[in-house]
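Novice: Before I ask anything, let me first share the structure, which is written out below as structure tokens.
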Amino acid sequence: MADFAVDFTKSYARRRPDEPRSHYSSRLKFINAMIKGEGDNVTDERIEVLSHCYSNVKYLSNIYGPEIMDCLRTYDPEIARMHEDLGPAAEADAEPPGKRAREE
Numbered sequence: 061m062a063d064f065a066v067d068f069t070k071s072y073a074r075r076r077p078d079e080p081r082s083h084y085s086s087r088l089k090f091i092n093a094m095i096k097g098e099g100d101n102v103t104d105e106r107i108e109v110l111s112h113c114y115s116n117v118k119y120l121s122n123i124y125g126p127e128i129m130d131c132l133r134t135y136d137p138e139i140a141r142m143h144e145d146l147g148p149a150a151e152a153d154a155e156p157p158g159k160r161a162r163e164e
């Protein structure tokens, strides 16, 4: 398994207690692809955040802003197919995380 770049000692590689094994496996594949694609240009913190965004988009149908969605599409073509009918307009309308809580 020399083709796998995930460092399992890092926090981004831990399985969350509520995370199904299939989702965890998929998230690890995403992390691996991102590490290989970004190399040293991505921090552990960014990997962790984007991997959780990935799970939220893939399994909960969340939509984030264009920068995050573009990154997710780069490393999982299935996400691109899932959201191609929504287009950039839906991403432009996506609320930044935490915005709704502040307005209430």
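Position one of the sequence shown corresponds to residue 61 (the working numbering), numbered consecutively onward. Don't be surprised by glycine CBs; every beta carbon is placed ideally from N, CA and C.
Beta-carbon within less than 7 Å of Met94's beta-carbon, same chain only, minus the 5 sequence neighbours each way: which residues are those?
Specialist: Locating residue 94 in the sequence shown gives position 34, where the first residue counts as 1. Same-chain partners within the cutoff: Val102, Ile107, Leu110 and Tyr135.
Novice: Note down the Cα distance separating Lys70 from Asp104, rounded to an integer number of angstroms.
Specialist: Residue numbering aside, residue 70 sits at position 10 when the sequence shown is read from its first letter. Residue numbering aside, residue 104 sits at position 44 when the sequence shown is read from its first letter. When rounded, the distance between both Cα atoms is 8 Å.
Novice: Determine the direct distance from the alpha carbon of Leu120 to that of Arg75, and round the result to whole angstroms.
Specialist: Numbered from its first residue, the sequence shown carries residue 75 at position 15. Numbered from its first residue, the sequence shown carries residue 120 at position 60. Those two C-alpha atoms are separated by around 17 Å.
Novice: Going by DSSP in three states, Gly99 sits in which element: helix, strand or coil?
Specialist: Residue numbering aside, residue 99 sits at position 39 when the sequence shown is read from its first letter. In this structure, Gly99 counts as helix in the three-state DSSP scheme.
Novice: For Phe68, does the three-state DSSP call read helix, strand or coil?
Specialist: Counting from one through the sequence shown, the residue named residue 68 turns up at place 8. If DSSP states are grouped into helix, strand and coil, Phe68 belongs with coil.
Novice: So, is Phe64 buried or exposed, given that buried needs 16 or more other C-beta atoms within 10 angstroms?
Specialist: For the purposes of this step, residue 64 is taken as the residue at position 4 of the sequence shown. Classification of Phe64: exposed, given that the 10 Å Cβ count is below 16.
Novice: Below 7 Å CB to CB, which residues in the same chain sit around Asp130 once its five sequence neighbours on both sides are set aside?
Specialist: Locating residue 130 in the sequence shown gives position 70, counting from the first residue. Excluding sequence neighbours, Asp130 sits near nothing in its chain.
Novice: Measuring only the C-alpha atoms, how far is Arg133 from Asp78?
Specialist: If you number the sequence shown from 1, residue 133 lands on position 73. If you number the sequence shown from 1, residue 78 lands on position 18. Spanning the two alpha carbons is a distance of roughly 25 Å.
Novice: Gly99 to Ile91, Cα distance in whole Å?
Specialist: Taking the first residue of the sequence shown as 1, we reach residue 99 at position 39. Taking the first residue of the sequence shown as 1, we reach residue 91 at position 31. Straight-line Cα distance between these residues: approximately 11 Å.
Novice: Can you tell me whether Ser85 is buried or exposed? The criterion is at least 16 other CB atoms within 10 Å of its CB, across all chains shown.
Specialist: Mapped onto the sequence shown, residue 85 falls at position 25. Burial call: exposed.
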